[in-house]
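Mapping of the sequence shown onto our numbering: residues 13 to 810, in sequence order. Where a beta carbon is used, it is the ideal one built from N, C-alpha and C, also for glycine.
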Amino acid sequence: MNPLKKTAQAAFLLLTLFAKVPVWGQTENLIRKQLDTYRNQSLQEKLFVHVDRSFYVAGELMWFKINYVDGTFHQPLSLSKVAYLEVFDKENRPVLQTKVALADGSGNGSLFLPTTLGSGNYLVRAYTNWMKNTDPDYFFEKPVTIVNTFRKLELPVLKDSLAYDVQFFAEGGNLVRNLPGVLAFKMVGIAGKGVDLQGVVLDQNNDTVVRFKPLKFGMGRFALTPAEGKQYRAVLTDAVGKTFTRPLPAVQEQGYTMQVEEQGQDQLRVTVKTTVPSASLVYLLIHTRMAAIRADEQGLRDNSVSFLIDKKTLGEGISHLTVFDASRKPVCERLYFKRPERRLTIDAKLTSGALSTREKAVFDVTTQDETGKSALTDLSVAVYRLDSLQPAESGDILSYLLLTSDLRGGVESPDYYFRPTGAEVNEVTDNLMLTQGWRRFRWETVLQTDRLAEAHLPEVNGHFIRGKVIHPGTGQPGYNISSYLSVPGKHILLYGSRSDKEGRIHFEMKEFFGPKDLVVQLNPKDSLFRIELQSPFHDRFSASRLPVFDFPTALKEPLLARSIPMQVQNAYYRENLSRYRLPQVDSVAFYGVPDEKYRLDDFTRFPVMEEVFREYVPGVMARKRRDGYVISLLDTPHKQFFEGSPLALLDGVPIFNMNKVMEIDPRKVQRLDVMTRRYIVGPLVFDGIISFTTYKGDLAGYRPDAKALLADYEGLQIPRDFYTPRYDTPQRSGSRMPDLRNLLHWVPTLKTDGQGKGQLEFYTSDEEGTYRFMINGITADGRAGSRQGTFEVTKMIK
C-alpha cells in the first residue's frame, strides 16, 4: 500500500477512536449504519480565517490567522499540513494565491495588496487539499473590499432596482397537493442584503390566496395548502410601487411533507404526512454534523405520523432531520438550529489607563468556559483605527463553526443568531434554516455501496507537487515512468515518483518554504515523453456572488486619510515591513548521513574527476568503455560492486549520462558524498548515490538536459514579522519619524495559561481617534468564542 495512504488511514482511524459519540435509538437501521460508516471514512475538515480587517487600500498588508479543526467536534486538527488561501475578484479570477503551513491546528501569514489591483469587492477563500474532495461551497469564504487610490475610481453602472433575487422553499422540500405546507422565502437585493418586499400569492383566477412580507433580513414564511386544480404564482411589490412576478415551487400530485414545531421548551414535534397510497412506515434520522445520531421508525396512521424529539439529544449548532420512506429513500429534509451552551468567554480589559499617542497600551485577557472555569485558549488579535470606511465586524469564529460553515451561500449578520433567545430571534433563525440548504454531503453519496477513492489525499507530511507525464505527439499518458524533482542548492533535495495509468505523478515536499527553482526530468530512456506540472489551487468555485461595488463620493476624504498613512508606511518603514522569520528546517541532505564524505579542499586537487575517484575515493570505480564511461559503487555490506549505475547528483540535480559526470570540474566542487548501499527514493531504487556539491550550490555552469522542465515554484509562505515601533525611551518617543499606522497591532497566536490569563502589549501611533480590538479564540476541546471592543486615543500633550 502507498505509505501516504497508510498514513492518512491511520490518522482517520485515530480520529474515529477518540471521536466516538453515544448513538441511541430503538431501530438499528441500515441508514444510520451507512451514515456512521461514511463519517468514519470521510473526515470533515473546517478552516476559519481571521482576517485583520475587511477594508483595505492597495499597498497595505492583509494579515490572517487560519484555525484548522475537524468538521464534527471543532477540535483543532494536525492531519493536513498545508492550507491554500486565495483572493478572487468578481469574475472568480485569482489575484493573489499563497500556501500556508499548518501545525497544531493553526497557521498564519500575510499578503501584500499590490497597486495593480483594481478597486472592488474581493473574496478570500481557504481550503486544504483534502477539502478539494467536497463542494467548494464548503471552503471558507469572506468578502473584503480593496480600493486602489492610485487609479481613477471607476464604479459600475448600477442596474435597475428590480434586480431582486427572490426564492421560495417548501419546508421539507415538497409542496404536495391537498397537504398543508409551509413556504419560506428569501428576498435579496443587488447589494447582497435582504430587502423588504410586499408579496401576495394569487391563483390562476387572480384570487388572493395569502399575503406575506419578510420578518427580518428579507426572510419570512407563510402557510399554503395546494388545492385541487389550482395553480399559484407570487406577485411582489417594492418600496417605489414596482411589481414583478416569481413562480412558486412545483406542486407534487403525490408525495411527503414534514413540519417541525416547538413542543414546549424541551421538545420538537416532527409531523410527516403523505398522499402515497402504498406508504406504510417512515424512518426519521437526525444527526448534528454526522454525530449524535438518532434513528427512529413509525407506522403511518391515516397517512400521518408524529415524532417527539428531546432537544437535549441534539448537538449544538445545526442538526439535520431527514425522513425516509419504507424503501429507505430520502423523501423530506429539514434543518434545525440549537443555540450553543458550550462556549468560550473572552474578556479584555485595558489596564494601562487612558491612552494618548505614542503610549504603551496593556490589555489583560482572560478566557473561561460557560461554567466560569479558566480555559487554555489559542487567540488571534487585531487592533485597528475605526473610520467611516471600515464596516462593522461580522462573522466571528463561533458563528462560522456552528452556523455559516454548514449552510450554503452567505449569511447576513451571522452574529444575530447567537443573541439571547427570544420569539423573534427564534423565528428568524428558523427562517434561515428553511431557506439555506445543507452542504456537507449528498445522501446519494452516503448510501453508495461502492464508493470511489478520493481524488485528493490529505497532505499529512507536506505540500504535494503534482504533474502528468504525456506523449507530446499523441497526448497519451505515460505509464510507469520514473520522474525526478530536484531543488538545486547546497541543501540537497530530491524527490521521486512513478506515473500511474493516467500518467499522474506527485512529489511530497516536506518543509518546502519560499520561492524555489525546480528541475523536473525523466530518465533519458523515456525521452519520448514530457512532464507538465499542475496548479495546486482548486479550479472550481462556490455559488457565492460578491455584492456590486459602490463607493460613495462622501467617503473621498476618509479614503485620502487612509491612503496617506499607507504611503508613509511604505516610504519610511519598508525594511521593517519586510522582515521574515525563516522556519527551522532539517538541513541534512535527503539521504541523511553519507557512508563516505570527502571535502575536496582537504585533498590534493586534481583537474579531472577520473583522478579524484582513482586517488582517494575507493568506493567509486569509473571505467571507460567504447560507448562512454561506466561508474559503479562498492556495495560495502556485501563487499562487491553493484551491477547497475548509481544515482549521480550535482547540487541535487540528477545526471544520467556518466560522461557528463566525468566532465564535472573538480575545482568547482566543495564536497563529495557517497552512499555505498542501495537507496530508495519514493518508488525509485538506486545502486548507491554519488552527490557533488559546488561552492555556491548553483550547478557551476552545468545545464540540465534540454528536455528537463525548469520551473519557478512558490513553496509554503515564509512567515513575515508584524512590525510595531516601541516608544519605551524619551529618544524613541520624541522621534520625528511619522507613525501613521492604521493597524496598531496584530497577534496571530496569543496563548492564555492554565489560569486562562494572557497579556497584550503594544504602542499607539500618532493618530488619535477610536480604535477597535477584535479577538477570536478556540480551545483544545472545541469551545470557540470572540470579543470585540473599542478604546480612545487622544493627542499627546507635549
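Given residue i as reference, the closest of the options once Cα atoms are compared
{"i": "residue 714", "options": "244, 105 and 661", "result": "661"}
{"i": "residue 3", "options": "499, 523 and 513", "result": "This structure gives no information on residue 3, because the portion of the chain shown stretches from 13 to 810."}
{"i": "residue 243", "options": "254, 297, 229 and 262", "result": "262"}
{"i": "residue 372", "options": "272, 781 and 774", "result": "774"}
{"i": "residue 471", "options": "693, 428, 115 and 718", "result": "115"}
{"i": "residue 792", "options": "308, 82 and 285", "result": "82"}
{"i": "residue 248", "options": "259, 241, 543 and 239", "result": "259"}
{"i": "residue 805", "options": "797, 795, 790 and 756", "result": "756"}
{"i": "residue 335", "options": "649, 282 and 438", "result": "282"}
{"i": "residue 273", "options": "149, 131, 443 and 104", "result": "443"}
{"i": "residue 687", "options": "712, 705 and 632", "result": "632"}
{"i": "residue 395", "options": "267, 797, 794 and 783", "result": "783"}
{"i": "residue 325", "options": "306, 310 and 342", "result": "306"}
{"i": "residue 681", "options": "535, 689, 703 and 345", "result": "703"}
{"i": "residue 266", "options": "246, 279, 239 and 275", "result": "239"}
{"i": "residue 354", "options": "790, 49 and 607", "result": "790"}
{"i": "residue 376", "options": "363, 369 and 370", "result": "363"}
{"i": "residue 673", "options": "644, 418 and 654", "result": "644"}
{"i": "residue 323", "options": "279, 399 and 635", "result": "279"}
{"i": "residue 650", "options": "342, 721, 689 and 516", "result": "689"}
{"i": "residue 561", "options": "528, 166, 438 and 228", "result": "166"}
Contact belief for residue i with residue j at Cβ below 8 Å, rounded distance in angstroms
{"i": "residue 610", "j": "residue 628", "result": "7 Å"}
{"i": "residue 113", "j": "residue 93", "result": "7 Å"}
{"i": "residue 408", "j": "residue 427", "result": "7 Å"}
{"i": "residue 206", "j": "residue 231", "result": "6 Å"}
{"i": "residue 366", "j": "residue 327", "result": "In fact, because the Cβ distance is near 45 Å, the residues do not count as touching under 8 Å."}
{"i": "residue 411", "j": "residue 153", "result": "So it is not a contact: roughly 14 Å between Cβ atoms."}
{"i": "residue 122", "j": "residue 74", "result": "6 Å"}
{"i": "residue 785", "j": "residue 393", "result": "6 Å"}
{"i": "residue 795", "j": "residue 787", "result": "Actually they are not in contact, since the Cβ atoms of residue 795 and residue 787 sit about 14 Å apart, beyond 8 Å."}
Strand pairing of residue i, partner residues [DSSP]
{"i": "residue 786", "result": "394 and 800"}
{"i": "residue 666", "result": "661"}
{"i": "residue 475", "result": "521"}
{"i": "residue 133", "result": "157"}
{"i": "residue 368", "result": "806"}
{"i": "residue 232", "result": "197"}
{"i": "residue 724", "result": "529"}
{"i": "residue 43", "result": "Looking at the DSSP assignment, residue 43 forms no beta bridge with any residue, so it has no partner."}
{"i": "residue 494", "result": "510"}
{"i": "residue 308", "result": "296"}
{"i": "residue 770", "result": "377"}
Simplified DSSP assignment, three categories, for residue i
{"i": "residue 173", "result": "Reliability fails at residue 173, whose pLDDT of 48 lies under 50, so the model's placement of it is uncertain and no value is given."}
{"i": "residue 430", "result": "helix"}
{"i": "residue 569", "result": "helix"}
{"i": "residue 118", "result": "strand"}
{"i": "residue 757", "result": "strand"}
{"i": "residue 330", "result": "strand"}
{"i": "residue 348", "result": "strand"}
{"i": "residue 792", "result": "coil"}
{"i": "residue 190", "result": "coil"}
{"i": "residue 215", "result": "strand"}
{"i": "residue 80", "result": "strand"}
{"i": "residue 50", "result": "helix"}
{"i": "residue 744", "result": "helix"}
{"i": "residue 626", "result": "helix"}
{"i": "residue 650", "result": "helix"}
{"i": "residue 458", "result": "helix"}
{"i": "residue 502", "result": "coil"}
{"i": "residue 202", "result": "coil"}
{"i": "residue 676", "result": "coil"}
{"i": "residue 411", "result": "helix"}
message: Using 8 Å as the cut-off, can you tell me whether the region 302-320 makes contact with the region 377-385, which would need three or more C-beta pairs spanning the two stretches below that distance?
response: no
message: When you compare the region 727-739 with the region 574-594, are there three or more beta-carbon pairs, one atom per stretch, that lie closer than 8 Å?
response: yes
message: Can you confirm whether the region 693-704 touches the region 551-568 when touching is taken to mean that 3 or more C-beta pairs between the two stretches lie within less than 8 Å?
response: no
message: Using 8 Å as the cut-off, can you tell me whether the region 216-225 makes contact with the region 181-192, which would need three or more C-beta pairs spanning the two stretches below that distance?
response: no
message: Would you call the region 534-542 in contact with the region 738-757, where contact means no fewer than 3 C-beta pairs closer than 8 Å?
response: no
message: So, does the region 747-756 touch the region 573-584, judging by three or more C-beta pairs under 8 Å?
response: yes
query: Are the region 131-141 and the region 84-99 in contact at 8 Å, needing three or more beta carbon pairs?
result: yes
- prompt: Is the region 664-672 close to the region 487-505, with three or more CB pairs under 8 Å?
  reply: yes
- request: Flag this pair as touching only if the region 475-483 and the region 521-538 have three or more C-beta atom pairs under 8 Å; answer yes or no.
  value: yes
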